[in-house]
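Reading through the structure tokens given below for one structure.
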Amino acid sequence: ALGNDSETDRDNSISVGKAGAEKQITNVKAGTADTDAVNKKQLDTAILSVSGGTVATDNYAHISTDTALGSAKGYAHATTKEAGTNKITKVGGITVTTTGTGTSLDDIDSFTANSIKITDPAEVAAFINAAKKGGNIAIGDYSSAMGTANIALGSGSSAMGFENSASGFSSSAVGFRNEASGQNSNAVGVNNIASGNSSSALGTYNIALGGASNAMGYNNTATGAMSSAVGYLNNASGSYSSAVGSRNVASAIASSALGHRNQATGFGSIAVGNGFGAPSEASINGNTITYG
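When the letters of the sequence shown are read in order and numbered with the numbering used here, they come out as residues -10 to 281.
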């Protein structure tokens, strides 16, 4: 115990005060060995290296470049330009306004997220920096973006991996270039799109457009409400329809196509088997069943 009225309450410890009467240790030189003490300047430097030099504040637009957390430089966010003028109108799907010729990212003077226009110079500068370096952009309340060039716009959204976009409320886009724009939607894998509310697109090149729809596997499309397309190149466009297997089409309401190359086009119809064979038909409880 060092100093007047100091107390030690643990074995092998040094105390310069006591509980309720703490004291500061000043003029501490920066530590160099693993077991040395560190000073405040060293801690501040470590914090800045993780945060990318930005200060997190409790406001609506949360910007994080994440360059110190693994985001590679050189992958600039994709830009959309006005025909004929090359004026930048969008960056990574986010609407921006520009000054001057508007052909450079440095010309951006505001951006719009979740219908709110952000004009604060510090936030705009952080946005431009992230856009240039391929940093992650997390704008929605309680949103997170991790990896390289991911964008999380929706409140409670998550975008993780490479160039994923989660713009829907409580949406998730994970993997490589996935888009989740519907509320509570999920796009996981490679180049999947989940735009329907509560929809899921899982795998590679799947599209879930209908509300509460599911597209899983490779290149499946579910556009009907509460529809499911599972497997390889299936299409479920009817509401409450299901296409499961490979190259099946369920286009009618409450229809099902199961197997390979089957088509269910009538209300409540079921097509099962191999579409290459000669089809046979039967009826159960008023529903047409085609099999072959």
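Positions of the beta carbon are idealized from the N, C-alpha and C atoms, including for glycine.
On a predicted model such as this, the values are computed, not experimentally measured, just so you know.
In the structure shown, what three-state DSSP assignment does residue i receive?
| i | result |
| --- | --- |
| GLU112 | helix |
| ILE196 | strand |
| LYS106 | strand |
| ALA119 | helix |
| ASP(-6) | coil |
| SER231 | strand |
| LYS76 | coil |
| LYS18 | coil |
| LEU247 | strand |
| GLY42 | In this prediction, GLY42 has a pLDDT of 45, which is less than 50 and means its spatial position is unreliable; nothing more can be read from the coordinates. |
| TYR49 | Confidence in TYR49 is poor, its pLDDT being 31 and thus under 50, which makes the residue's placement unreliable; the coordinate value appears in the next sentence. Three-state DSSP puts TYR49 in coil, outside helix and strand. |
| ASP95 | helix |
With DSSP as the reference, please indicate the residues paired to residue i in a beta bridge.
| i | result |
| --- | --- |
| ASN175 | SER161 and SER189 |
| VAL85 | PHE100 |
| THR69 | LYS79 |
| GLN13 | Note: GLN13 sits in no beta bridge, so no partner. |
| SER133 | SER147 |
| SER154 | ILE140 and GLU168 |
| MET205 | LEU191 and VAL219 |
| GLY262 | GLY248 |
| ASN224 | THR210 and VAL238 |
| ILE126 | ILE140 |
| LYS7 | ALA10 |
| ALA183 | ALA169 and ALA197 |
| ALA253 | ALA239 |
Under 8 Å, do residue i and residue j count as touching if we go by C-beta distance?
| i | j | result |
| --- | --- | --- |
| PHE165 | VAL177 | no |
| ASN195 | ALA204 | yes |
| ILE77 | THR68 | yes |
| ASN208 | TYR229 | no |
| GLY213 | GLY192 | no |
| ALA134 | ASN125 | yes |
| GLN172 | SER161 | no |
| SER154 | SER174 | no |
| ALA120 | GLY81 | yes |
| ALA169 | GLY157 | yes |
| VAL113 | SER132 | no |
| ALA10 | ASP(-6) | yes |
| LYS30 | ALA19 | yes |
Excluding the five sequence neighbours on either side, which residues of its own chain have a C-beta within less than 8 Å of the C-beta of residue i, listed in chain order?
| i | result |
| --- | --- |
| ILE117 | LEU94, ASP95 and ILE97 |
| PHE256 | ALA241, ILE242, ALA243 and SER244 |
| ASN186 | GLY157, GLY171, GLN172, ASN173, SER174, GLY200 and ALA201 |
| SER144 | ASN103, GLY129, ASP130, TYR131, SER132, PHE158 and SER159 |
Leaving out the 5 sequence neighbours to the left and right, which residues in its chain are closer than 6 Å to residue i when beta-carbon positions are compared?
| i | result |
| --- | --- |
| SER216 | GLY199, SER202, ALA225 and SER230 |
| ASP109 | none |
| ASN223 | ASN209, ALA232 and ASN237 |
| SER146 | GLY129, SER132, ALA155 and SER160 |
| SER184 | SER170, GLY171 and LEU198 |
| ASN181 | ASN167, ALA190 and ASN195 |
| ALA26 | GLY20 |
| GLU71 | THR78 |
| THR101 | THR84 |
Using a Cβ-Cβ cutoff of less than 7 Å, which residues in the same chain neighbour residue i once the five nearest sequence positions on both sides are dropped?
| i | result |
| --- | --- |
| GLY150 | GLY136, ASN139, VAL163, GLY164 and PHE165 |
| GLY206 | GLY192, ASN195, VAL219, GLY220 and TYR221 |
| THR87 | LYS76, ILE77, ASP96, ILE97 and ASP98 |
Determine, for residue i, whether the minimum Cβ-Cβ distance to residues of chain B falls below 8 Å.
| i | result |
| --- | --- |
| ASP(-6) | Any reference to chain B falls outside this structure, which holds one protein chain only. |
Please determine if the stretch 247 to 258 and the stretch 224 to 239 are in contact, where contact requires at least 3 C-beta pairs separated by less than 8 Å. When Cβ pairs closer than 8 Å are counted between the two stretches, the stretch 247 to 258 is seen to touch the stretch 224 to 239, the count reaching three or more.
Validate contact between the stretch 138 to 149 and the stretch 90 to 97 using beta carbons, cut 8 Å, 3 pairs: No, they do not touch.
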